[in-house]
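Line by line, the protein sequences give chains A and B. Each residue of the first sequence is one higher than the last, beginning at 0 in numbering that gives the first Met the number 0. Each residue of the second sequence is one higher than the last, beginning at 0 in numbering that gives the first Met the number 0.
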Amino acid sequence: MRNRRRTGGQPSDPSGAGVPLDPARLALELEIPTDVRLIGRIVQMVSREVRDFDFPPHLCSLNVPVALSEALSNAMLRGNADDPAKTVHVRMAVDDRGLVLEVSDEGRGFDLESCTRDPTTADNMLREDGRGLFLMRRLMDRVERYTEDKAPRRNVVRLTLFRRESAAG
Amino acid sequence: MSFTMTKHGAVVVVDVEGQLIVGNRQELKQKVLDELEKGERKFLIDFGRTGYIDSSGLGVLVSLSKKIREQGGELRLANLNDDLKTLFELTKLDTLFQIADSRERGLESF
C-alpha cells in the first residue's frame, strides 16, 4: 500500500457530471492492491482524516465509513474481479464546500442507475446482496461514476459529501 | 475485528467487536452455522462493541436469519448504537429483525 500525501495538484480531467475533485485540495491519495482484508484499515485511515477536517461525528462514524467501504468492495470484487494483481486508487479532497472521495479500479465501469436496486421491497429485503449502491446513494450527497479520459482509463466512482451549511449546493 | 461466542442458558451470544464487513462476514457466518450444526437454536448478536456494518455484513445477517429459522431457531440482535440503527432503518431491516436495546433485554426476549 502506498500512501502519498499530496498538497500540490496533478493533472486531473474527469469527464462527467458533478463536483470535480480539486487536485489542489488533495488531502490523501492511496494505491492499494485488491485485497478486501485491507478495507477496514483504509476506511479507518480516511475516516480519521475526515474527522480532522471538522465534519460532524456521525458523518465520520457512519456515512463516510459505510459509503467508502461499499465503494472499495465494489472496486475490488466487481471492478477488479478480485484479482490481487489489480489496484484500487483512493483520492480524497476537502474544501469549504465539502469532501470528495474517488475510488477507481481497472474495470470497464457500470451503469449506476441500472445497477442500483431498491433493497427495501418485500422480495429484495430477503436477499443477501443488493444493498451496497443503495447505501452509498443514501449516505452521500452525490454518487457519480465516470471513466478516465486518459489511459489506462480507470473506472472511477466519486462520492461527495457537502458540509451541512452548503448541502443545497 | 473479532467474534466471541458465549452461552447464556439456551442462547448463544455472539459479540461483534470492530466492524462487520466484506472482509470478515464469512467468518461470522461460519461460526454461527457451526453452532447451528451442533444443535444450537437461539442466537443473539450483540453489537455493543461494533463500529460499523457494510452491506455484506447486513446481507450475512439476513442469510443467517433465514437459515436459523429454517432449522426452527431464532436470531435476534441487541445493542445497536444510533449509527447502526440508522443503517437498519434505511434498509428497512429493522422490520425484519427483532432488535433489543440491551443484551439483557435480548436474552429475556427469547
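Beta carbons are placed, not taken as given, at the ideal position from N, Cα and C, and that holds for glycine.
With respect to chain A, the C-beta atom of aspartate 93/B has no partner C-beta closer than 8 Å. Valine 11/B is bridged by DSSP to Lys6/B and Phe42/B. The DSSP assignment places complete alpha helix (DSSP H) segments of no fewer than 4 residues inside the region 47 to 78 of chain A at 63 to 73, in order along the chain. When Cβ-Cβ separations below 8 Å define contact, threonine 119/A makes contact with chain B. The region 89 to 109 of chain B and the region 35 to 43 of chain B touch, with no fewer than 3 CB-CB distances between them shorter than 8 Å. Using a CB distance cut-off of 8 Å, methionine 0/B counts as an interface residue toward chain A.
Nearest CB-CB separation between methionine 44/A and chain B: not below the 8 Å threshold. At least one CB of chain A lies nearer than 8 Å to the CB of valine 21/B. With the criterion set as a beta carbon lying under 8 Å from some beta carbon of chain A, the members of the region 58 to 78 of chain B are Gly58, Val59, Val61, Ser62 and Lys65, in sequence order.
Methionine 135/A carries a helical assignment under DSSP once its states are collapsed to helix, strand and coil.
Residues of chain A with a Cβ closer than 7 Å to the Cβ of threonine 3/B do not exist, since the nearest Cβ in that chain sits about 18 Å away.
Arginine 144/A places its beta carbon less than 8 Å from that of glycine 108/A. Under the Cβ criterion of 8 Å, glutamate 69/A is counted among the residues facing chain B.
Beta bridge pairing from DSSP links methionine 91/A with Leu27/A and Leu100/A. For aspartate 14/B, none of the residues of chain A pass the 9 Å Cβ criterion, the least Cβ distance being about 17 Å. Among the bridge pairs identified by DSSP, asparagine 123/A is matched with none. At a cut-off of 8 Å between C-beta atoms, leucine 86/B counts as an interface residue with respect to chain A. DSSP places arginine 152/A outside any beta strand (DSSP E), giving it a letter other than H or E.
Counting along the chain, glutamine 25/B sits inside the alpha helix (DSSP H) bounded by residues 24 to 36. Closest in alpha carbon position to alanine 150/A, among Gly129/A, Gly106/A and Pro32/A, is Gly106/A. Taking 8 Å as the cut-off, the beta carbon of isoleucine 38/A is found no closer than this to the beta carbon of valine 89/A.
Within 8 Å of the CB of serine 60/A, the CB atoms of chain B belong to Gly50, Tyr51 and Asp82, in sequence order along the chain. Boundaries of the beta strand (DSSP E) around glycine 50/B: 49 to 52.
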